[in-house]
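Asker: Right, I'll just put the structure down here and ask away after.
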Amino acid sequence: MNLKQYKTYFTEQLSAVFPQTEIDTFFLFLIEEYLGLQRIDLVMQPNFEISSEKQVILNQALSRLLKEEPIQYIIGKTEFYGLPFKVNKNTLIPRPETEELVAWILNEVSQETTLNILDIGTGTGCIPISISKNLTNAKVSAIDVSEEALKTAKENALLNQVVIDFLHDDILKVDNLNVIAHKMTQSLNIEKITSSQTPRNDVYYDIIVSNPPYVRNLEKEEIKNNVLENEPHLALFVDDHNPLIFYKKIADLAKKYLTKDGLLFFEINQYLGKETVAMLESKGFTNIELRKDIFGNDRMIKASL
């Protein structure tokens, strides 16, 4: 089967599930990944013969698409802020809205400034890695509750040639970021450090950033099947009755561990912008700015003390 024939077959199989624009995008991703071809080859090489072995691989990908599995999981990678990232079912797929958050952070600081930055709930590591790649003088750390996600994040740090201090911990159970910082710098006897053992030197952060779980269970019906059935719920959902649980906890920690001119950044639930601002105000934060994303939804907040 040649390239033109397979594209016709591919489109016919997916036409009942996806719009044509998405089908075309999927096909381009797959021929680039598995055949080494580009968009122009659809015009220049329509008779390119696809080997039987490659057809098997393409058909396997097609079967996964028919089950509405994200194309990023199928090829095992995506792009974020112009950088390559590995992704899998242990990590959320980085979104364009989060790229906007990274851009906001980078626009707020000087590239020459030495900064201490902490990302909470790192997932693929897309936020700290993108920041570290653009702020070469920054010391960047990241926390996640999922060991499997951290494994992927570490691979992404190596892939993008940056040094990030990663730590496995549940931020809801953390009361002392000095202990967190101490753990990150220790390669031995980590298990002996407890929350009661405060290191001598206090550690403060110039920037604390988080894109924590924020989708309420009541909003599940708005989530597309490819997300709901594939991406990790641990990183997506919060209880309807306490949707700001992570924001409250991180804000409390930020009050203690931000530097004098430090900044707190959040990606937020689009329906809870006012509530998140009010929560930050109640905890003493000032200069609170709520921003919309490219889709016109309340999505990002910056605050200081």
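Position one of the sequence shown corresponds to residue 1 (our numbering), numbered consecutively onward. Think of the CB as a built atom: it goes at the ideal place given N, C-alpha and C, for glycine as much as any other residue.
#1: Of all the options S51, E22 and L244, which has the alpha carbon lying nearest to the alpha carbon of G36?
#2: Assign T21 to buried or exposed, taking buried as 16 or more other Cβ atoms, counted over all protein chains shown, within 10 Å of its Cβ.
#3: Is it the case that the Cβ atoms of D293 and I268 are separated by a distance below 8 Å?
#4: Measuring only the C-alpha atoms, how far is P70 from I288?
#5: So, is G82 buried or exposed, given that buried needs 16 or more other C-beta atoms within 10 angstroms?
#6: Applying the criterion that 16 or more other CB atoms from any shown protein chain within 10 Å of the CB defines a buried residue, is N156 buried or exposed?
#7: From I93 to A142, what does the alpha carbon distance come to, in whole angstroms?
#8: Since V56 and Y73 are thought to touch, with beta carbons under 8 Å apart, how far apart are those beta carbons, to the nearest angstrom?
#9: Assign N178 to one of three DSSP states: helix, strand, or coil.
#10: Exposed or buried, which one is T91 when buried takes at least 16 other CB atoms within 10 Å?
#11: Quick one: what's got a C-beta closer than 7 Å to L258's C-beta in the same chain, skipping five residues either side?
#12: For the 8 Å Cβ check, are there 3 or more pairs between the stretch 134-153 and the stretch 163-173?
#13: On the DSSP letters alone, give me the boundaries of the alpha helix (DSSP H) that R291 sits inside.
#14: So, with DSSP's three-state summary, where would you put G125?
#15: If you measure between the beta carbons of A235 and G123, is that distance less than 8 Å?
#16: What is the DSSP secondary structure of P96, reduced to helix, strand or coil?
#17: Relative to the C-alpha of L231, which candidate in V215, T286, N176 and Y6 has its C-alpha closest?
Answerer: In brief:
#1: The alpha carbon of G36 has as its nearest neighbour, out of S51, E22 and L244, the alpha carbon of S51.
#2: T21 is classed as exposed because its beta carbon has fewer than 16 other beta carbons within 10 Å across all chains shown.
#3: Not a contact, by the Cβ cut-off of 8 Å.
#4: If I take the Cα positions, the gap works out to 35 Å.
#5: It counts as exposed.
#6: So N156 ends up on the buried side.
#7: So the two alpha carbons sit approximately 17 Å from each other.
#8: Wrong, their Cβ atoms sit about 19 Å apart, outside the cutoff.
#9: DSSP places N178 in helix when its eight states are reduced to three.
#10: That one is buried.
#11: These residues qualify, in order along the chain: Y204, Y205, I208, L264 and L305.
#12: Short answer: they touch.
#13: Residue range T286 to K292 is occupied by the beta strand (DSSP E) that includes R291, with no alpha helix (DSSP H) assigned at that position.
#14: In the structure shown, G125 sits in coil (DSSP, three-state: anything other than H, G, I, E or B).
#15: Yes, Cβ-Cβ distance for A235 and G123 is below 8 Å.
#16: P96: helix per DSSP, three-state reduction.
#17: The question names Leu, but residue 231 is Glu in the sequence shown. The residue with the shortest Cα to Cα distance from E231 is V215.
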